[in-house]
DNA sequence: AGAAATGTTCGGCA
DNA sequence: GTGCCGAACATTTC
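In our numbering, the protein residues as written are 37 to 293.
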């Protein structure tokens, strides 16, 4: 679930509901998700409030009225919930507000992490997070892409190259740009790289407009057809599945060169 | 029952 | 150093 568009939706949830009200208590229900110790998380946040909800790639960054920033990464499965009352299932951390509401970090597979930092730039550097896929301008993208080697799909998923794109959206970007995922990025002409850049932006923006819900994606997207036996929305041909480093990916062998 | 699933990291190899 | 693979992590779902 959580690639850039998903995290952007979580960011908006946090921005709408979870800013500018004091955090009364922090509950950590699973030590595993606390990359910073529970004590550190609690001490850094209790009594303060979140002032902003930012995003860089798949990281959700929540600066506080104190000296620190809470950083969330959702791993393979996770999301945010803001509610009053019962704690949702799989809530691994909960931030309780003085108004009786809570922000829950939901993470069924425990692959997500919570960090505390006092310097976002230093944190991103340490985590090797490259420029955000939606913040990157065309000329900066071109400069980076012209030095990059390997498969297009791998490049898009390389968080140090561009951050925010994962397995599902890299498939969609390749499909919309009409490149085979395994095409070498260094074989692309300048014009083709520009095409890739625009596909990347279109796909991510469109996904956000549709709240990152796969079933709600436009009819020309391949995302709702990531299944064996499905057909290409462009040519009607059979969608093919292949593997790369043990991960499945989907494409149309007819439409993608 | 077994495999695959949206992410990251690490060891090993070319 | 780069790129690629498989395995590992934990749990759910098909």
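We put the beta carbon where it would ideally sit given N, CA and C, even for glycine.
Evaluate residue 47 with the Cβ neighbour count: other Cβ atoms within 10 Å of its Cβ, from every protein chain shown; 16 or more gives buried, anything less gives exposed. The residue you call residue 47 lines up with position 11 of the first chain. So residue 47 ends up on the buried side.
What are the partner residues of residue 289, as DSSP defines its beta bridges? Sequence index remark: in the first chain, residue 289 carries index 253 (1-based). Answer is none; residue 289 lacks a bridge partner.
May I have the straight-line CA-CA distance separating residue 274 from residue 244, to the nearest angstrom? Along the first chain, read from residue 1 onward, the residue named residue 274 stands at position 238. Along the first chain, read from residue 1 onward, the residue named residue 244 stands at position 208. C-alpha separation (whole angstroms): 27 Å.
In whole angstroms, give me the CA-to-CA distance for residue 6 and residue 129. No answer is possible for residue 6: the residues shown for the chain start at 37 and end at 293.
Start-to-end residues for the alpha helix (DSSP H) that takes in residue 76: Here the question's residue 76 lines up with position 40 in the first chain. Start and end: 74 to 81.
Nearest-angstrom beta carbon gap, residue 240 and residue 41 [assumed within contact, 8 Å]: Position 5 of the first chain, counted from the first residue, corresponds to residue 41. Position 204 of the first chain, counted from the first residue, corresponds to residue 240. That belief holds up - the Cβ atoms of residue 41 and residue 240 are roughly 6 Å apart, short of 8 Å.
Are the beta-carbon atoms of residue 146 and residue 186 separated by less than 8 Å? Start at 1 with the first residue of the first chain, and residue 146 comes out as number 110. Start at 1 with the first residue of the first chain, and residue 186 comes out as number 150. Taking 8 Å as the Cβ cut-off, residue 146 and residue 186 do not qualify as a contacting pair.
Tell me the rounded alpha-carbon separation between residue 96 and residue 226. Taking the first chain and counting its residues from 1, the one referred to as residue 96 is at position 60. Taking the first chain and counting its residues from 1, the one referred to as residue 226 is at position 190. Cα to Cα, residue 96 sits roughly 33 Å from residue 226.
Leaving out five residues before and five after residue 276 in sequence, what residues of the same chain have Cβ atoms less than 8 Å from its Cβ? Numbered from its first residue, the first chain carries residue 276 at position 240. These residues qualify, in order along the chain: 286, 287, 288 and 289.
By Cβ distance, which residues of its chain are closer than 7 Å to residue 102, with the 5 residues on each side in sequence left out? The residue labelled residue 102 in the question sits at position 66 within the first chain. So the qualifying residues of the chain are 80 and 84.
Rounded C-alpha distance that separates residue 100 from residue 107: The residue labelled residue 100 in the question sits at position 64 within the first chain. The residue labelled residue 107 in the question sits at position 71 within the first chain. Rounded to whole angstroms, residue 100 to residue 107 spans 11 Å at the Cα level.
Here's the rule I'm using: 16 or more other beta-carbon atoms within 10 Å means buried, otherwise exposed. How should residue 189 be labelled? Working through the first chain from its first residue, we reach residue 189 at position 153. Residue 189 is buried by the Cβ-count criterion.
Between the CA atoms of residue 213 and residue 246 - distance to the nearest angstrom: Residue mapping note: residue 246 aligns to position 210 of the first chain, counting from 1. Residue mapping note: residue 213 aligns to position 177 of the first chain, counting from 1. Distance between the alpha carbons of residue 246 and residue 213 is about 20 Å.
Would you grab the beta carbon distance between residue 82 and residue 59 for me? Rounded to a whole angstrom, and I think it's under 8 Å. Working through the first chain from its first residue, we reach residue 82 at position 46. Working through the first chain from its first residue, we reach residue 59 at position 23. 6 Å between Cβ atoms; contact.
Can you tell me which residues form a DSSP beta bridge with residue 108? Start at 1 with the first residue of the first chain, and residue 108 comes out as number 72. 96 and 150, per the DSSP bridge assignment.
With DSSP as the reference, identify every bridge partner of residue 70, one or two as the case may be. Here the question's residue 70 lines up with position 34 in the first chain. Beta-bridge pairing links residue 70 to 150.
Rounded C-alpha distance that separates residue 232 from residue 176: Here residue 232 refers to the residue found at position 196 of the first chain. Here residue 176 refers to the residue found at position 140 of the first chain. So the alpha carbons of these two residues sit roughly 13 Å apart.
Among residues of its own chain, excluding the 5 on either side of residue 268, which ones have a beta-carbon nearer than 8 Å to its beta-carbon? Here residue 268 is taken as the residue at index 232 of the first chain, counted from 1. Same-chain partners within the cutoff: 258, 261, 274, 275, 288, 290 and 291.
Can you find the residues in the same chain that come closer than 8 Å, C-beta to C-beta, to residue 89, ignoring five residues on each side of it along the sequence? Mapped onto the first chain, residue 89 falls at position 53. Closer than 8 Å at Cβ, skipping near neighbours: 47, 48, 50, 51, 54, 55, 96, 97 and 98.
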